[in-house]
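Some notes on the structure that comes next.
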DNA sequence: GTCTATAGATTGATAGAC
DNA sequence: GTCTATCAATCTATAGAC
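Protein chains in written order, with my numbering: chain A, 976 to 1184; chain B, 976 to 1184.
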């Protein structure tokens, strides 16, 4: 039956996700992965044609986690205004960090950087996700009811969205950078501080722009 | 004479800096480094006891570049206000990117992440630099003459600097994240866009806070 | 689908002459 | 300080039985 296979494949991806995130893709050896899971060497090569292919599956896993644990929950606050979305984004990102286990920083970003050269397709996939993320955030920001310019009929709709798009790019950059900083400091609270500061600054800007 | 030695050592560090930044520390082999420089294997081990030690020297090199090419030039605009410093920071960071050669993103951050596990000392050194950077930026921000709160005598000096420190952490996070994003998109202009947006948002905030 | 055993290539590091 | 030659370990990937 395929039951055990699916189990093994999933176990490999989950364990590799953790391993690649902590040690890095190149530094992590398949030996360690195999010892950790108790799965035989050739069984890995039954499920994945190469280590690189495993890395691609792990990237998909992390993108899925990123979406479900950070982005989707944050966008549920879209109705509460731009600052609320920003705060939720950083607050949920905080929950993905685990300094005690050595899992800090952004796993998507780190793994993508390491796989980019050998697998350009991975870089394109990640890039497409983040471009989409910026657009989704921009939509949410442009719909913020607390925005002054939204009530100003002299401001064209396109201009509003264009400015929202630029702020979305800023938010994504700050989020990625804060994840890096949290990893460097070994303290997830860095994310909360940066997120709150950004939310405050943007909120002030929106009220007076 | 030590002339040639110093030359070889420097050549090794410079070439390794480029190699480690593009390929990553683990993925880059000493063979490639040796072929690139034309230096013999054992000569490398005369100058550095291990690949890791070479990595540490490369980190110092990148920190030096970061300071001289990005931070120092930006802080020269301290007298022109917070927004000017922020814009200069991102503008100068832009010049460190070279998409054509595959040198994108923040070399300090990437290399530090890879070396962190094997060499905790490296992580501490990089962390200390960025903590210091945040303090220096906070000092510059707190001295911004265009700040409303600076003229408000009811606001304590400590509060002013504390808020400046939080914005400094935001700026550093945004800068690191923008470097990552620029690497992902293969376009240094991402840095300019994020930097300008941040400068605008902060400037608006300062005028009305 | 899963296993044991092994191939084949690469890598970081060392020995010793000059 | 620099070189050539080589070691020993590690790693990815494969072969073939069950």
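All C-beta atoms, glycine included, are put in the ideal place defined by N, C-alpha and C.
Excluding sequence positions up to five away, which residues of its chain have a Cβ less than 6 Å from the Cβ of residue 1148 of chain A?
Stepping through the first chain from its first residue, residue 1148 of chain A is reached at position 173. So the list is empty, once near-sequence residues are dropped.
Closer than 7 Å, Cβ to Cβ, to anything on chain A: give me those residues from the stretch 992-1026 of chain B, in chain order.
998, 999, 1001, 1002
Looking at the C-beta of residue 1150 of chain B, does it have a partner C-beta in chain A at a distance below 8 Å?
Taking the second chain and counting its residues from 1, one reaches residue 1150 of chain B at position 175. Closer than 8 Å: yes.
Contact under 8 Å by Cβ, residue 1081 of chain A with residue 1097 of chain A:
Taking the first residue of the first chain as position 1, residue 1081 of chain A is located at position 106. Taking the first residue of the first chain as position 1, residue 1097 of chain A is located at position 122. Result no, Cβ atoms of residue 1081 of chain A and residue 1097 of chain A do not sit closer than 8 Å.
Count the other CB atoms within 10 Å of the CB of residue 994 of chain A; is the residue buried (16 or more) or exposed (fewer)?
Taking the first residue of the first chain as 1, we reach residue 994 of chain A at position 19. It is buried - the Cβ of residue 994 of chain A has at least 16 other Cβ atoms within 10 Å.
Whole alpha helix (DSSP H) runs in the stretch 1067-1091 of chain A with 4 or more residues, listed along the chain?
1082-1090
Just to confirm the assignment, what range does the alpha helix (DSSP H) spanning residue 1142 of chain A have?
Within the first chain, the letter at position 167 stands for residue 1142 of chain A. Element bounds for residue 1142 of chain A: 1132-1160.
At a CB-CB cut-off below 7 Å, which residues of chain B make contact with residue 1180 of chain A?
To locate residue 1180 of chain A, count along the first chain from 1; it is residue 205. Simply 1176, 1179, 1180.
Nearest neighbour of residue 1146 of chain B, chosen from B/1112, B/1156, B/1163 [CA to CA]
Position 171 of the second chain, counting from 1, holds the residue named residue 1146 of chain B. Looking at the Cα atoms, B/1112 is the closest of the given residues.
Output yes if chain B places a C-beta closer than 8 Å to the C-beta of residue 1197 of chain A; else output no.
Limits of chain A in this structure are 976 at one end and 1184 at the other, which puts residue 1197 of chain A out of reach.
Between residue 1147 of chain A and chain B, is any beta-carbon pair separated by less than 8 Å?
If you number the first chain from 1, residue 1147 of chain A lands on position 172. Cβ-Cβ to chain B under 8 Å: yes for residue 1147 of chain A.
Given a cut-off of 8 Å on the beta-carbon distance, is the pair residue 987 of chain A and residue 1022 of chain A in contact?
Residue mapping note: residue 987 of chain A aligns to position 12 of the first chain, counting from 1. Residue mapping note: residue 1022 of chain A aligns to position 47 of the first chain, counting from 1. The answer is yes: Cβ separation under 8 Å.
List the residues of chain A whose Cβ lies closer than 7 Å to the Cβ of residue 1169 of chain B, in chain order.
The residue given as residue 1169 of chain B occupies position 194 in the second chain. Within 7 Å Cβ-Cβ: 1144, 1145, 1148.
Establish whether the CB of residue 1103 of chain A and some CB of chain B are separated by less than 8 Å.
The count along the first chain starts at 1 and reaches residue 1103 of chain A at position 128. The beta carbon of residue 1103 of chain A sits no closer than 8 Å to any beta carbon of chain B.
8 Å Cβ cutoff, residue 1136 of chain A in contact with chain B:
As a first step, residue 1136 of chain A is located in the first chain; it is residue number 161 there, counting from the start. It does not; no Cβ of chain B falls within 8 Å.
Is the stretch 1097-1110 of chain B close to the stretch 999-1015 of chain B, with three or more CB pairs under 8 Å?
no
On the DSSP letters alone, give me the boundaries of the alpha helix (DSSP H) that residue 1102 of chain A sits inside.
Against the first chain, residue 1102 of chain A aligns to sequence position 127. That run of the alpha helix (DSSP H) goes 1095-1117.
For residue 1054 of chain A, which three-state DSSP category applies?
By 1-based counting over the first chain, the position of residue 1054 of chain A is 79. Residue 1054 of chain A sits in a helix when the DSSP states are folded into three classes.
Cβ distance (whole Å) where residue 1090 of chain A is taken to contact residue 999 of chain A below 8 Å:
Indexing the first chain from 1 puts residue 1090 of chain A at position 115. Indexing the first chain from 1 puts residue 999 of chain A at position 24. Rounded, the Cβ-Cβ distance is 11 Å, inconsistent with contact.
Given a threshold of 16 other Cβ atoms within 10 Å of its Cβ, counted over all protein chains shown, does residue 1003 of chain B qualify as buried or as exposed?
In the second chain, the residue the question calls residue 1003 of chain B occupies position 28. Counting every other CB atom within 10 Å of its CB across the protein chains shown gives residue 1003 of chain B a total of 16 or more, marking it as buried.
Under the assumption that residue 1106 of chain A contacts residue 1037 of chain A (Cβ atoms under 8 Å), give the Cβ distance between them as a whole number of angstroms.
As a first step, residue 1106 of chain A is located in the first chain; it is residue number 131 there, counting from the start. As a first step, residue 1037 of chain A is located in the first chain; it is residue number 62 there, counting from the start. So it is not a contact: roughly 17 Å between Cβ atoms.
Mind pulling the chain B residues with CB within less than 9 Å of residue 985 of chain A?
The residue you call residue 985 of chain A lines up with position 10 of the first chain. None at all; the shortest Cβ gap to chain B is about 26 Å.
Close beta carbons around residue 1034 of chain A, own chain, < 6 Å, minus the five adjacent residues each side
Taking the first residue of the first chain as 1, we reach residue 1034 of chain A at position 59. These residues qualify, in order along the chain: 1086, 1097.
Tell me which same chain residues have a C-beta within less than 6 Å of the C-beta of residue 1163 of chain A, skipping the five on either side of it?
Locating residue 1163 of chain A in the first chain gives position 188, counting from the first residue. So the qualifying residues of the chain are 1069, 1072, 1157.
Counting contacts by CB-CB distance shorter than 8 Å, is residue 977 of chain A in contact with chain B?
Position 2 of the first chain, counted from the first residue, corresponds to residue 977 of chain A. For residue 977 of chain A, the predicted model reports a pLDDT of 40, less than 50, meaning its position is unreliable; a value from the coordinates is still stated below. With 8 Å as the cut-off, residue 977 of chain A does not count as an interface residue toward chain B.
Considering only their Cβ atoms, is the gap separating residue 1028 of chain B from residue 1048 of chain B smaller than 8 Å?
Taking the second chain and counting its residues from 1, one reaches residue 1048 of chain B at position 73. Taking the second chain and counting its residues from 1, one reaches residue 1028 of chain B at position 53. Not in contact: residue 1048 of chain B and residue 1028 of chain B (Cβ atoms no closer than 8 Å).
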